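Scroll down for the structure; my scribbles are underneath it.
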Amino acid sequence: MLDQSRENHVHGGKPTTLLTEGSIWKKIIGFAIPIFLGNLFQQLYNTADSLIVGNYIGSDALAAVSSSGNLIFLMVGFFSGIAMGAGVVIARYYGARRKEEVSRAVHTMVAFGLAAGVILTLLGVLVTPQILRWMGTPKSVFPNSVLYFRIYFAGSLGFVMYNVFVGILQSVGDSRHPLIYLIISSVTNVGLDLLFIAVLGMGVGAAALATTISQFASALLCLRRLIKTEEEYRIEIKKICFDRVMMHQIITNGLPAGVQNSIIALANVVVQSNVNAFGMTAMAGCGAYSKIEGFGFLPITCFAMSLTTFISQNLGAKKYERVKKGARFGILCSIITAEIVGICIYLFIPNLIRAFDSNPEVIRYGTTQARTVTLFYFLLALSHCLAGIFRGAGKSIVPMVVMLLCWCVIRITYITAAVRIVPVIRTVFWAYPLTWSLSSIIFAAYFLKADWMHNFERQEEKSV
């Protein structure tokens, strides 16, 4: 019997973090809002790096920091995808109230995260210079880029374990504590940025160092929460090990997302290399826009993550009608909010870019990219939400195939051919809305016509 005095529990013997009971819209919104706010603070401290570097060091340093997103995602995307798989497995067992399996899945995921953090550290430190060369990074930016990335990846363990711990908490419906820890981490990061760069006059590596310290701080706070809880997802150090059965389930659910993340990131590295060909000011302008774009993606990512957990828990509890209603509500909210944010960015982008760098050429490049893609944010929202739904249903192969086809193969093919015909930077930017459109059409057709949820229901019935 559950302890009635524990935090996160309510009357009736059911944990408040379960998404299988109560008002659908209240549960989804209540779960999504802390994720949104947490991602907002994370984006704020990522943006703080660029703002402080751009204003205190200069455009070369801004280009080195701001162009980091695609390469970082290339390196961490695979492991993040595996973590998604773990979240689906944990949420499914948690929704079904199978406590022993929840515990085994949690400790297996922690063991995987520790191994992944060590591997990513070695890869990031060793291969960063070569990848930057492949990306055609200008010589003026290259030394700062190498320094920034190497310091960033030296702290990979903190980044990976933070994502593992947050994934565990969110999979059981707790999005409130990750928000608190992210706020603390964000304040720490901005404070260290100002101390290292504005006060002490340290270089671009200090921005990466501040991020690394803040990531370790948030990871330790999450770990403390998971060790102190008395729930089945509690972490006990002596139990951290690889469980063969659980690792198989985690890999089955997470490997497609991991492969998808890495390949898509590789495609975006190709896009970035084409941007690099237009010079340092293009890199700085597009890098500044990418930081602003991160805010536009917030409603997209928070609803996609919420839907994955909501779908997983409710399928585990065999509440199939609730799954359908929740999916429709989450999609509608995401595309509406994403488009509103996109319109706002479209209107105010010159002033937003100017906050990073007052160079007119930098502003021009950032504005050009924004006014090419922002009005199509609703398509990105639709694709991500449907992908999140399919992952929650254990259909992670579907988003992997669709996104590899549209966001990788077609995107690279388009850029390779189109830039030769029309050699202007706007041609590169159009790769995004075009491929978002294709993925949205394919996902929507599968969602509306395919028997994806009932197939899951039959599989569950056979396994009983």
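Quick note on numbering: the sequence shown equals residues 0 to 463 in numbering that gives the first Met the number 0. Idealized CB from N, CA, C, for every residue including glycine. Just so you know, these numbers come straight off a predicted model, no measurement behind them.
> Under the three-state reduction of DSSP, which class applies to Ala443: helix, strand or coil?
Replying inline: Note: Ala443 maps to helix in three-state DSSP.
>> Taking 8 angstroms as the cut-off, does the stretch 299–311 touch the stretch 377–397 (at least 3 CB pairs, one atom from each stretch)?
In response: yes
> Which of helix, strand or coil does DSSP assign to Lys318?
Replying inline: DSSP places Lys318 in coil when its eight states are reduced to three.
> Using a Cβ-Cβ cut-off of 8 angstroms (strictly less than) and excluding sequence neighbours within five positions of Thr308, which residues of its own chain qualify?
Replying inline: Cβ within range, chain order: Leu18, Phe30, Gly86, Ala90, Gln169, Ser170, Gly172, Gly391.
> Nearest-angstrom Cα distance between Ile388 and Tyr445?
Replying inline: 12 angstroms
> With C-beta atoms as the reference, is Thr336 less than 8 angstroms away from Trp429?
Replying inline: no
>> Between the alpha carbons of Asn7 and Tyr93, how many angstroms are there, rounded?
In response: Residue placement at Asn7 is poorly supported in this model, since its pLDDT is 39, which falls under 50; the coordinates still yield a value, given next. Cα-Cα distance, rounded: 14 angstroms.
> Does the Cβ of Cys240 have 16 or more other Cβ atoms within 10 Å, making it buried, or fewer, making it exposed?
Replying inline: exposed
> Rounded to the nearest angstrom, how far is the Cβ of Phe78 from that of Val159, given a contact under 8 angstroms?
Replying inline: 6 angstroms
> Taking all protein chains shown into account, do 16 or more other C-beta atoms lie within 10 angstroms of the C-beta of Val117, making it buried, or fewer, making it exposed?
Replying inline: exposed
> Do Val269 and Ile411 come within 8 angstroms of each other at the CB atom, strictly closer than that value?
Replying inline: Yes, the pair counts as a contact, with Cβ atoms nearer than the cut-off.
> With a CB to CB cut of under 7 angstroms and the five nearest residues on each side skipped, what residues in its chain are close to Val322?
Replying inline: Ile310, Asn313, Leu314, Met452
> Taking DSSP as the reference, what is the three-state secondary structure of Val9?
Replying inline: Summary for Val9: the model assigns pLDDT 40, below 50, so the residue's position carries little reliability; its value from the coordinates is reported in the next sentence. Coil.
> When you compare each of Ile330, Cys405, Ser22, Leu121 to Cys384 by their alpha carbons, which one comes out closest?
Replying inline: Cys384 has its Cα closest to that of Ile330, out of Ile330, Cys405, Ser22, Leu121.
>> DSSP three-state label for Asp192, please.
In response: helix
> Using a Cβ-Cβ cut-off of 7 angstroms (strictly less than) and excluding sequence neighbours within five positions of Met399, which residues of its own chain qualify?
Replying inline: Pro255, Ala256, Val258, Gln259
>> Please report the distance separating the alpha-carbon of Gln42 from that of Ala316.
In response: The alpha-carbon atoms of Gln42 and Ala316 are separated by roughly 34 angstroms.
> Thinking C-beta only, is Ser144 closer than 8 angstroms to Gln131?
Replying inline: Here residue 131 turns out to be Leu, not Gln, going by the sequence shown. Closer than 8 angstroms, so yes.
> Can Asn273 and Val427 be called in contact, C-beta distance under 8 angstroms?
Replying inline: Between Asn273 and Val427, the C-beta gap is smaller than 8 angstroms, which places the two residues in contact.
> Exposed or buried, Val408, counting other C-beta atoms within 10 Å across all chains shown (16 or more means buried)?
Replying inline: exposed
> Between Thr210 and Glu320, what straight-line distance do the alpha-carbon atoms span, to the nearest angstrom?
Replying inline: 43 angstroms
> Is Gly284 buried or exposed, if buried means 16 or more other CB atoms sit within 10 Å of its CB?
Replying inline: buried
> Taking just the CA atoms, how far does Leu191 sit from Phe375?
Replying inline: 36 angstroms
> For Phe215, which option in Ile183, Phe277, Val198, Lys25 has the closest C-alpha, if you only look at C-alpha atoms?
Replying inline: Looking at the Cα atoms, Ile183 is the closest of the given residues.
>> Within the continuous alpha helix (DSSP H) that includes Trp133, where are the two ends?
In response: 98–133
> When you compare only the Cα positions, how much space is there between Thr228 and Glu20?
Replying inline: Cα to Cα, Thr228 sits roughly 22 angstroms from Glu20.
> Is Val401 buried or exposed, if buried means 16 or more other CB atoms sit within 10 Å of its CB?
Replying inline: buried
>> I'd like the ranges of any alpha helix (DSSP H) spanning at least 4 consecutive residues and lying wholly in the stretch 174–258.
In response: 175–192, 204–227
>> Quick check on Leu297 - is its C-beta less than 8 angstroms from some C-beta in chain D?
In response: Reference to chain D is not applicable here, since this structure consists of a single protein chain.
>> Quick check: the Cα distance between Ala287 and Arg97, rounded to an integer number of angstroms?
In response: 46 angstroms
>> As a quick exercise: from Gly200, Gly84, Arg353, pick the residue whose alpha carbon is nearest that of Met245.
In response: When each option's Cα is compared against that of Met245, the closest is Gly84.
>> Quick check on Phe309: does DSSP put it in helix, strand or coil?
In response: If DSSP states are grouped into helix, strand and coil, Phe309 belongs with the helices.
> Quick one: complete alpha helix (DSSP H) runs, 4+ long, within the stretch 386–418?
Replying inline: 396–402
> Can you tell me whether Gln129 is buried or exposed, with buried defined as 16 or more other CB within 10 angstroms of its CB?
Replying inline: It counts as exposed.
> How would you call Pro359, buried or exposed, if buried means at least 16 neighbouring beta carbons within 10 angstroms?
Replying inline: exposed
>> Rounded to the nearest angstrom, what separates Ile23 and Lys448 at their Cα positions?
In response: 23 angstroms
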